[in-house]
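Novice:
Chains as they are written, first to last, in the numbering used here: chain A, 3 to 117; chain B, 15 to 125.
1. For residue 81 of chain B, collect the residues of the same chain with a Cβ closer than 7 Å to its Cβ; drop the 5 residues on either side in sequence, then sort them by chain order.
2. Can you pull the chain A neighbours of residue 115 of chain B, defined as C-beta to C-beta under 7 Å?
3. If you run the structure through DSSP and keep just helix, strand and coil, what is residue 59 of chain B?
4. Between B:84, B:90 and B:76, which has its C-alpha nearest residue 42 of chain B's C-alpha?
5. What is the DSSP secondary structure of residue 55 of chain A, counted as helix, strand or coil?
6. Taking residue 31 of chain B and residue 49 of chain B to be in contact with their CB atoms under 8 Å, please state how far apart those CB atoms are, rounded to whole angstroms.
7. Under 8 Å Cβ to Cβ from residue 11 of chain A, same chain only, skipping five residues before and after it: list those, please.
8. 8 Å is my cut-off, CB to CB: does residue 92 of chain A come that close to chain B?
9. Near residue 113 of chain B, which residues of its chain fall below 6 Å by C-beta distance, leaving aside the five closest residues on each side in sequence?
10. Using the DSSP secondary-structure output, state which residues sit across from residue 114 of chain B in a beta bridge.
11. I need the boundaries of the beta strand (DSSP E) containing residue 72 of chain A, first residue and last residue.
12. Does residue 120 of chain A pass the burial test, meaning 16 or more other C-beta atoms within 10 Å, or should it be called exposed?
13. Please classify residue 91 of chain B: is it buried, with 16 or more other beta-carbons within 10 angstroms of its beta-carbon, or exposed?
14. Below 8 Å between beta carbons: does that hold for residue 71 of chain A and residue 49 of chain A?
15. Counting only beta-carbon atoms, is residue 16 of chain A nearer than 8 Å to chain B?
16. Run through chain B and tell me which residues come within less than 7 Å of residue 111 of chain A, C-beta to C-beta.
17. Check whether the Cβ of residue 79 of chain B lies closer than 8 Å to any Cβ atom in chain A.
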């Protein structure tokens, strides 16, 4: 069991649906991340939050909307997704933000299928 | 040129052998280097981190860094079937400090 938990682990949604992915970290870290992992592509950083403030948005389409109410919780709100958005979405955390050189720790991931 | 490059494999080794996984990177100013293991259907988990030239050993794992040649490698001694996974190399860049990931090398350890 990791210190970063994600729910749901599997999600199937239609292109017109609205759903959310949830992440909670129990490591006392101050930075949280959303990554996307697709077949035959390197891990893609989507968003970074450091002390609840968004510090990075890697040109992610607006149909993905992150929310970080506190340093322990991170959400990814999904709406009007496309089939090509089907992927493994990984939440991660680190003691402080990505730019500081800290090691990041991943949750188990949420498998998303858009139909 | 890819920023972090790994041979996709699969790399197949017999049980008990040494598995050697390699990673090259393009940013000469890179400072931090990480190896993650990812089992099929699971998330990446940190195996080793290395910051200085030379070798760093942790149990059956040894990370080797050569900044002049811009490569980092991971050696797995006495390979076990449970080591069968994809190994991801991640490099933290020099100027912008972004973590750049390779595609991973698939390792199969045959009993």
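Idealized CB from N, CA, C, for every residue including glycine.
Specialist: If we stick to the structure as given:
1. As a position in the second chain, residue 81 of chain B is number 67, starting the count at 1. Hits under 7 Å: 67.
2. For this step, residue 115 of chain B is matched to residue 101 along the second chain. Near residue 115 of chain B (Cβ distances below 7 Å), the residues of chain A are 44 and 45.
3. Numbered from 1 along the second chain, position 45 holds the residue referred to as residue 59 of chain B. The answer is strand: DSSP assigns residue 59 of chain B an E or B state.
4. Along the second chain, read from residue 1 onward, the residue named residue 42 of chain B stands at position 28. Selected option, being the one with the closest Cα: B:84.
5. Locating residue 55 of chain A in the first chain gives position 53, counting from the first residue. Strand at residue 55 of chain A.
6. Sequence index remark: in the second chain, residue 31 of chain B carries index 17 (1-based). Sequence index remark: in the second chain, residue 49 of chain B carries index 35 (1-based). Contact flag wrong, Cβ pair sits at about 18 Å.
7. Counted from its first residue, the first chain places residue 11 of chain A at position 9. 110, 111, 112 and 113.
8. The sequence position of residue 92 of chain A within the first chain is 90, counting from 1. Residue 92 of chain A counts as touching chain B.
9. Reading the second chain from its first residue, position 99 is the one you call residue 113 of chain B. Closer than 6 Å at Cβ, skipping near neighbours: 104 and 106.
10. Counting from one through the second chain, the residue named residue 114 of chain B turns up at place 100. Looking at the DSSP assignment, residue 114 of chain B forms a beta bridge with B:105.
11. Taking the first residue of the first chain as 1, we reach residue 72 of chain A at position 70. Counting along the chain, the beta strand (DSSP E) containing residue 72 of chain A begins and ends at 66–72.
12. Outside the displayed range of chain A (3 to 117) lies residue 120 of chain A, so it cannot be described from this structure.
13. By one-based count along the second chain, residue 91 of chain B stands at place 77. Looking at its Cβ environment, which holds fewer than 16 other Cβ atoms inside 10 Å, residue 91 of chain B is exposed.
14. For the purposes of this step, residue 71 of chain A is taken as residue 69 along the first chain, with counting starting at 1. For the purposes of this step, residue 49 of chain A is taken as residue 47 along the first chain, with counting starting at 1. No.
15. What you label residue 16 of chain A is simply residue 14 of the first chain in a count that begins at 1. False, the Cβ-Cβ gap to chain B never drops below 8 Å.
16. Within the first chain, residue 111 of chain A is the residue found at index 109, counting from 1. By Cβ distance, chain B contributes 57.
17. On the second chain, position 65 is the one that residue 79 of chain B refers to. Cβ-Cβ to chain A under 8 Å: no for residue 79 of chain B.
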